[in-house]
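**Q** Under the working numbering, the first residue of the sequence shown carries the number 34, and numbering increases by one thereafter. Even glycine gets a Cβ: it sits at the ideal position worked out from N, Cα and C.
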Amino acid sequence: MPVPTATRQVVSTLPRQLLTFFKKHPPASATSWLPTPPPQVPDVNPASDTASTPPRFPKRIQNPFLPSKNKITSKYNEPRYSVRRQTDLYNLATQFQIQHLLPPRVDHKEGKVGKVMKGLTQWKGTKMERTRDARVAAIKTKTALAKKVVRTRKSRTKAKKRAQRTGLILN
Numbered sequence: 034m035p036v037p038t039a040t041r042q043v044v045s046t047l048p049r050q051l052l053t054f055f056k057k058h059p060p061a062s063a064t065s066w067l068p069t070p071p072p073q074v075p076d077v078n079p080a081s082d083t084a085s086t087p088p089r090f091p092k093r094i095q096n097p098f099l100p101s102k103n104k105i106t107s108k109y110n111e112p113r114y115s116v117r118r119q120t121d122l123y124n125l126a127t128q129f130q131i132q133h134l135l136p137p138r139v140d141h142k143e144g145k146v147g148k149v150m151k152g153l154t155q156w157k158g159t160k161m162e163r164t165r166d167a168r169v170a171a172i173k174t175k176t177a178l179a180k181k182v183v184r185t186r187k188s189r190t191k192a193k194k195r196a197q198r199t200g201l202i203l204n
């Protein structure tokens, strides 16, 4: 089947990485990477002697960006393309506006870690470093209380001294 000239021109402008990827993993269509529906079992009519043959579905193309499971050993194989290479391919494909032909990939959010619940992470640092916040908060409350106590005691002693000077005795 001859290749149209417009397709040849587009293919000639693609970079080498995209060309080798599409040679190894050619998409049949823009939606060929999506999972295929499960095969439907045809109705077998008990009255007829011949059962209809099940319809043939095209073989599902395996996504090279995702880990795959070996059906015999039940072990998982690593993706054929690393995350860095996937990103490079996607960036090149977006430049040429053919990213819809690439298979879907998993978004890795390793840098976007939410707030971890307290007690789930393993502690790090010395005991002094781990308990510093609680100690600083306790010291602040105690110093505020101590300043208040000092003010009241000073005012009492000043009042006593004034009273002694004037001749009044206060207890």
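Given this structure, state the Cα-to-Cα distance separating residue 116 from residue 123, to the nearest angstrom.
**A** Along the sequence shown, read from residue 1 onward, the residue named residue 116 stands at position 83. Along the sequence shown, read from residue 1 onward, the residue named residue 123 stands at position 90. When rounded, the distance between both Cα atoms is 10 Å.
**Q** What's the C-alpha gap between residue 197 and residue 183?
**A** Position 164 of the sequence shown, counting from 1, holds the residue named residue 197. Position 150 of the sequence shown, counting from 1, holds the residue named residue 183. So the two alpha carbons sit approximately 21 Å from each other.
**Q** When DSSP labels each residue in this structure, what does residue 101 get in the three-state scheme?
**A** The count along the sequence shown starts at 1 and reaches residue 101 at position 68. Three-state result, residue 101: strand.
**Q** If distances are taken between C-alpha atoms only, which option among 108, 160 and 112 comes closest to residue 247?
**A** Any answer about residue 247 is impossible in this case: the structure gives the chain only from 34 up to 204.
**Q** Which partner residues does residue 109 have in the DSSP bridge list?
**A** Mapped onto the sequence shown, residue 109 falls at position 76. BP columns for residue 109 point to 102.
**Q** If you run the structure through DSSP and keep just helix, strand and coil, what is residue 159?
**A** Residue numbering aside, residue 159 sits at position 126 when the sequence shown is read from its first letter. Coil, per DSSP.
**Q** Tell me the DSSP secondary structure of residue 114 in three-state form.
**A** Taking the sequence shown and counting its residues from 1, the one referred to as residue 114 is at position 81. Of the three classes helix, strand and coil, the one that applies to residue 114 here is coil, per DSSP.
**Q** Roughly how many whole angstroms lie between the Cα atoms of residue 147 and residue 186?
**A** For the purposes of this step, residue 147 is identified with residue 114 of the sequence shown, where counting begins at 1. For the purposes of this step, residue 186 is identified with residue 153 of the sequence shown, where counting begins at 1. About 49 Å.
**Q** Compute the Euclidean distance between the alpha carbons of residue 164 and residue 180, then round it to the nearest angstrom.
**A** Reading the sequence shown from its first residue, position 131 is the one you call residue 164. Reading the sequence shown from its first residue, position 147 is the one you call residue 180. C-alpha separation (whole angstroms): 24 Å.
**Q** List the whole-angstrom C-beta distance separating residue 96 from residue 136, where the pair is believed to meet the contact cut-off of C-beta under 8 Å.
**A** Position 63 of the sequence shown, counted from the first residue, corresponds to residue 96. Position 103 of the sequence shown, counted from the first residue, corresponds to residue 136. So it is a contact: roughly 4 Å between Cβ atoms.
**Q** Please report the residue range of the alpha helix (DSSP H) in which residue 178 lies.
**A** Counting from one through the sequence shown, the residue named residue 178 turns up at place 145. Note, residue 178: alpha helix (DSSP H), 165 to 199.
**Q** Please report the straight-line C-alpha distance between residue 131 and residue 152, rounded to a whole angstrom.
**A** If you number the sequence shown from 1, residue 131 lands on position 98. If you number the sequence shown from 1, residue 152 lands on position 119. Computed Cα separation, rounded: 46 Å.
**Q** Work out the CA separation of residue 158 and residue 138 for me, nearest whole Å.
**A** Position 105 of the sequence shown, counted from the start, is the residue given in the question as residue 138. Position 125 of the sequence shown, counted from the start, is the residue given in the question as residue 158. Approximately 38 Å, taken between the alpha carbons.
**Q** Which stretch, first to last residue, makes up the alpha helix (DSSP H) that contains residue 50?
**A** To locate residue 50, count along the sequence shown from 1; it is residue 17. Residues 49 to 57.
**Q** Taking only the alpha-carbon atoms, compute the straight-line gap between residue 194 and residue 162 and give it to the nearest angstrom.
**A** Counting from 1 along the sequence shown, the entry for residue 194 is found at position 161. Counting from 1 along the sequence shown, the entry for residue 162 is found at position 129. Their Cα atoms are separated by approximately 47 Å.
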